[in-house]
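Residue numbers (my numbering): 876 to 1183.
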Amino acid sequence: MPLRDPKELYADALKNHYALIACNVADMEMLQAVIGAAEAERSPAFVMVSMGARKYVKDFPKFIQAAKLYLEDSSAPLVLHHDHCQTVEDCNSAVDAGMQSVMFDGSHHDFETNIALTRQVADYAHAHGVIVEAELGSLPGFEDEVFAENAVYTDPSKVCEFIERSGCDSLAIAVGTTHGGVKGDDYLPMDMERVKEITRVVGDYPLVLHGGASLPPELIAACNAEGGQVEYMRNCSEASIAEASKYGVCKVNSDVDNFLCYTTAIRKFFRESPAVYDPRKYLTLARDAFQKEVQHKMRNVVNSAGRY
């Protein structure tokens, strides 16, 4: 089907109290995994590309052209989104490449600068029929090559002013999640009262949760059992993310869990079949593992399964 209007998907998610899963992809296996999950679960979804993926694929415009062909051929309602652009120029080039939605991350700037730069992005994007996601507050951890040491939680009293002045169409909020997790023995608490207060002041407006991978210890253990040396990190639990999806959060970015499953499948294959060198053999398993994890999130975390 034709690519869907992201505003329509946001509106349905808000009306029916679920969230859209959003997954970063950097190759055709990951792309096919997200599409396959959406079709299998009859779920809408966002397919995302990061700045790191732009470098990895080398020819970003051609990769986007290919991705759009896959999305347009799918029966699922899908949106092509650029995650975490750090500059106005990066956002504009993403718009020019054919993205439907772009995220400008001005969280490392002060409030006024964040508004001004987001407004520049919004003016250009809206003129080309593209929507804009912004971020107010900051998540700790690594996102691509950008590191934030401390969390700066979103201030509910500033949200409406930011949205109105910046012109953004959706807003990523900082309420307890992290990029990539932090060291610890238990899941991190999500500030659900802050989520509810932000939802109260913005009304029916799309809120976004970054850092939506929970890093369950069993996923890390499975990877390490196949020879990995992944450090145990913790994030907010799937239960807390599911609860946030009922209170105005209608897009959840989730990547690390998918990547763990993808990597574990490849490690397991090489442990069991060290003489095999045909990439199709192990990449098929990696794609299937990635898809299975995305389906789990759709069905059991964001409650988006069966929506079309």
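All C-beta atoms in this analysis are idealised placements derived from N, C-alpha and C, irrespective of residue type, glycine included.
Cα separation between L895 and L878? Within the sequence shown, the letter at position 20 stands for residue 895. Within the sequence shown, the letter at position 3 stands for residue 878. Roughly 15 Å between the two C-alpha positions.
Are the segment 1091-1101 and the segment 1034-1054 touching, with three or more C-beta to C-beta distances below 8 Å? no
Endpoints, the beta strand (DSSP E) within which S976 is located: The count along the sequence shown starts at 1 and reaches residue 976 at position 101. Per DSSP, S976 belongs to the beta strand (DSSP E) from 976-979.
Within this structure, are the beta carbons of A1180 and A1161 separated by less than 7 Å? Along the sequence shown, read from residue 1 onward, the residue named residue 1180 stands at position 305. Along the sequence shown, read from residue 1 onward, the residue named residue 1161 stands at position 286. With contacts defined by Cβ atoms closer than 7 Å, A1180 and A1161 do not form a contacting pair.
Tell me the start and end of each unbroken beta strand (DSSP E) in the segment 1052-1084 that is at least 3 residues and wholly inside, in chain order. 1082-1084
CB-CB under 8 Å to Y1062, same chain, minus the five flanking residues each way: which ones, in chain order? Numbered from 1 along the sequence shown, position 187 holds the residue referred to as residue 1062. Answer for Y1062: S1089, R1109, N1110, C1111, S1112, S1115, listed in chain order.
According to the Cβ coordinates, are Q940 and V954 closer than 7 Å? Against the sequence shown, residue 940 aligns to sequence position 65. Against the sequence shown, residue 954 aligns to sequence position 79. No. Outside cutoff.
Note the first and the last residue of the continuous beta strand (DSSP E) segment covering D1130. Here residue 1130 refers to the residue found at position 255 of the sequence shown. Here D1130 belongs to no beta strand (DSSP E), and DSSP marks it neither H nor E.
Taking the alpha carbon of P1031 as the reference point, which residue from S1045, T962, L1011 has its own alpha carbon closest? In the sequence shown, residue 1031 corresponds to position 156, counting from 1. Residue L1011 is the option with its Cα nearest to P1031.
How long is the line joining the alpha carbons of I1038 and Q995, rounded to whole angstroms? Here residue 1038 refers to the residue found at position 163 when the sequence shown is read from its first residue. Here residue 995 refers to the residue found at position 120 when the sequence shown is read from its first residue. Those two C-alpha atoms are separated by around 13 Å.
For the beta strand (DSSP E) containing C898, list its first residue and its last residue. Counting from 1 along the sequence shown, the entry for residue 898 is found at position 23. 895-899 is the span of the beta strand (DSSP E), which, as asked, contains C898.
Uninterrupted alpha helix (DSSP H) stretches inside the segment 962-1010 (no shorter than 4 residues): Counting only runs of 4 or more, we get 963-972, 986-1002.
Paired residues, beta bridge with F921 - DSSP: Here the question's residue 921 lines up with position 46 in the sequence shown. Paired residues: A897, V954.
Alpha carbon to alpha carbon, what distance is there between L889 and P952? In the sequence shown, the residue the question calls residue 952 occupies position 77. In the sequence shown, the residue the question calls residue 889 occupies position 14. Roughly 16 Å between the two C-alpha positions.
Buried or exposed by the 16-neighbour rule on C-beta atoms within 10 Å, applied to I1006: Your numbering for residue 1006 matches position 131 in the sequence shown. That one is buried.
Per DSSP, the bridge partner or partners of V1027: Position 152 of the sequence shown, counting from 1, holds the residue named residue 1027. Note: V1027 sits in a beta bridge opposite S1013.
For my contact list, A1047 and H1085 are in at a C-beta cut-off of 8 Å; report their separation, rounded to the angstrom. For the purposes of this step, residue 1047 is taken as the residue at position 172 of the sequence shown. For the purposes of this step, residue 1085 is taken as the residue at position 210 of the sequence shown. With 8 Å as the limit, A1047 and H1085 qualify as a contact, their Cβ atoms being about 5 Å apart.
F1022, DSSP secondary structure in three states: Position 147 of the sequence shown holds residue 1022. Confidence in F1022 is poor, its pLDDT being 44 and thus under 50, which makes the residue's placement too unreliable to answer from.
If you draw a straight line from the alpha carbon of K1126 to that of S1013, how long is it in whole angstroms? Numbered from its first residue, the sequence shown carries residue 1126 at position 251. Numbered from its first residue, the sequence shown carries residue 1013 at position 138. Cα to Cα, the separation comes out at about 17 Å.
Taking all protein chains shown into account, do 16 or more other C-beta atoms lie within 10 angstroms of the C-beta of F1022, making it buried, or fewer, making it exposed? Residue mapping note: residue 1022 aligns to position 147 of the sequence shown, counting from 1. Since pLDDT at F1022 reaches only 44, below the 50 mark, its modelled position is unreliable, and no value is offered.
How many Å lie between Y893 and I910 at the Cα? Numbered from 1 along the sequence shown, position 18 holds the residue referred to as residue 893. Numbered from 1 along the sequence shown, position 35 holds the residue referred to as residue 910. Each residue's alpha carbon lies about 19 Å from the other.
Under the rule that 16 or more other beta-carbon atoms within 10 Å means buried, what is V1076, buried or exposed? Counted from its first residue, the sequence shown places residue 1076 at position 201. It counts as exposed.
Residue interval of the alpha helix (DSSP H) (run including A1150): The residue you call residue 1150 lines up with position 275 of the sequence shown. Per DSSP, A1150 belongs to no alpha helix (DSSP H) and is neither H nor E.
Do V932 and H957 count as a contact pair if the criterion is CB distance below 7 Å? Your numbering for residue 957 matches position 82 in the sequence shown. Your numbering for residue 932 matches position 57 in the sequence shown. No.
Residue span of the alpha helix (DSSP H) that contains A1114, given as start and end: For the purposes of this step, residue 1114 is taken as residue 239 along the sequence shown, with counting starting at 1. Looking at the DSSP string, the run of the alpha helix (DSSP H) that includes A1114 is 1113-1119.
Going by DSSP in three states, R1109 sits in which element: helix, strand or coil? Sequence index remark: in the sequence shown, residue 1109 carries index 234 (1-based). Residue state for R1109 is assigned as strand, using DSSP reduced to three classes.
Give a yes or no on contact between the segment 1065-1074 and the segment 1145-1152, applying the rule of three or more CB pairs nearer than 8 Å. no
Continuous beta strand (DSSP E) stretch holding L1046: start and end: As a first step, residue 1046 must be located in the sequence shown, where it is residue number 171. Taken as a continuous stretch (DSSP letters only), the beta strand (DSSP E) holding L1046 covers 1045-1048.
Going by alpha carbons, who is nearest to M1065 out of A1026, V1034, Y1152? Walking along the sequence shown from the start, residue 1065 turns up at place 190. Comparing Cα positions, the closest option is A1026.
For the pair the segment 1152-1169 and the segment 897-908, tell me if three or more CB-CB distances fall below 8 Å. yes
Closest Cβ-Cβ distance between H1001 and chain C: below 7 Å? In the structure shown, chain C does not exist; there is a single protein chain.
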